[in-house]
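*Asks:* If you read the sequence shown in my numbering, its first letter stands for residue 166, the second for the next number, and so on.
Take a look at the following structure, please.
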Amino acid sequence: MTRKVALLVEGGGLRGAFAVGVLRVLLERLGATSFDGVFAVSSGVFAASYFVANQGEDMEATWRDLVCNRQLIDYWNILKREPVLKLDHLIDLFKGSVRLNLQHIYDSPAELLFVLTHWDTGAPAYFDAKRPEIFDLMRASSALPLIYNRPVIIDGQRYYDGGQSDALPIKFILDRGYDRVLVVRTRPANYRKTRRSAWGANLVLPHSREARGAWVTLYERYNDALAFAENPPNGAVIHQIAPEGLTLSRLSRDRGTIGAAIDEGKKMCSQYLETHGISLLD
């Protein structure tokens, strides 16, 4: 029986350093074409793109050296009325010094999909990233409210951070025809969101009552996705690789802390492969 295997990379701002470590080991052990589809949300789109492009070294170097201190998170930007999250700087890196090989992505047999959130409705939108606007899709999927509180225009529509609508699109992936999913988490396996997760909806998204209402239920949708992963439909298999001792936060800037998260990702992925081998791909 032919299996369709998907890789899902969770977001989480700088917690995405953990995913970088996981994906670096997956590249080394399994290769860039080991998954039929790669799905990513929020900051997970960066590591996922470099994974599909088979650029593990560039991916790791970026996160170890080019997003620490004030390079990506700069609170002084508040005084300049600029976003605290310097997404434009990050995208410039992907176009320049750590250039993302777009041709490798376009030529990859794996599909690459990003999750975005519609600015006016709060509904999730799923985009094939293999298009000329891939950098705008990256920017939109990771445009976290409050610290990058401005929409990104795609096809004439306004979008922002995908994690605010479908942070773990596991059901979407299965509905798309996949029956094996490896989920790379950036939170511990037992983490669940609470109602307090929606504390700032009225402040963060003042543009639409409909969007605010969708955002308030974010914690429920996140927890429902995890419950679904624990009890998938017959024939579906969901694996997870999650951190255990992660100390960095969404807005961490310390180089050592970010590097330690990458190292933990490598360790947890190696342990996963030692336990499961490549059974997920069978």
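Glycine included, every Cβ here is placed at the ideal spot set by N, Cα and C.
Small disclaimer: the values here were computed from a predicted structure and weren't measured.
1. Is I312 near V249, with beta carbons less than 8 Å apart?
2. Report, in whole angstroms, the separation of the C-beta atoms of G186 and Y343, which I expect to be a contact under 8 Å.
3. Among the candidates S307, S273, F393 and L278, whose CA atom is the shortest distance from the CA of G327?
4. Closest by CA to T198, which one among I270, R341 and D285?
5. Measure the C-alpha to C-alpha separation of A182 and D389 and round it to an integer number of angstroms.
6. Can you give the Cα-Cα distance for G448 and A288, rounded to whole angstroms?
7. Throw me the rounded Cβ distance for the D301 and L278 pair, which I believe falls under 8 Å.
8. Rounding to the nearest angstrom, what Cα-Cα distance links P397 and I403 in this structure?
9. Give the single residue among F211, K295, W284 and A290 whose Cα lies nearest to the Cα of D257.
10. Where does the unbroken beta strand (DSSP E) through V206 begin, and where does it stop?
11. Assign H441 to one of two classes, buried (16 or more other C-beta atoms within 10 Å of its C-beta) or exposed (fewer than that).
12. Given a cut-off of 8 Å on the beta-carbon distance, is the pair T412 and G177 in contact?
13. Go through its chain and collect everything with a Cβ distance to P371's Cβ below 6 Å, but skip five positions before and after it.
14. Rounded to whole angstroms, what's the CA-CA distance from N219 to G196? Just pull it up for me.
15. With a threshold of 7 Å on Cβ separation, who are the neighbours of P297 within its own chain once the five nearest residues in sequence on each side are excluded?
16. Could you pull the DSSP bridge partners for H269 from this structure?
17. Helix, strand or coil: how does DSSP classify T412 here?
18. Specify the secondary structure class of E429 as computed by DSSP and reduced to three states.
19. What is the DSSP secondary structure of T282, counted as helix, strand or coil?
20. Let's see if you can read the secondary structure: which residues bound the alpha helix (DSSP H) around L191?
21. Going by the beta-carbon positions, is the gap between P334 and Y324 smaller than 8 Å?
22. Can you say whether S262 is buried or exposed, counting buried as having 16 or more other CB atoms within 10 angstroms of its CB?
23. Run through DSSP, which three-state label would A294 get?
*Replies:* Walking through what the data contain:
1. yes
2. With 8 Å as the limit, G186 and Y343 do not qualify as a contact, their Cβ atoms being about 24 Å apart.
3. S307
4. I270
5. 25 Å
6. Because the chain in this structure spans residues 166 to 447, residue 448 falls outside the shown range and cannot be described.
7. Not a contact, Cβ separation roughly 15 Å.
8. 7 Å
9. F211
10. G202 to V206
11. exposed
12. no
13. Only weak support is given to the placement of P371: the predicted model assigns it a pLDDT of 43, under 50, and the question is left unresolved by the model.
14. 8 Å
15. none
16. Looking at the DSSP assignment, H269 forms no beta bridge with any residue, so it has no partner.
17. coil
18. helix
19. strand
20. G181 to R194
21. no
22. exposed
23. coil
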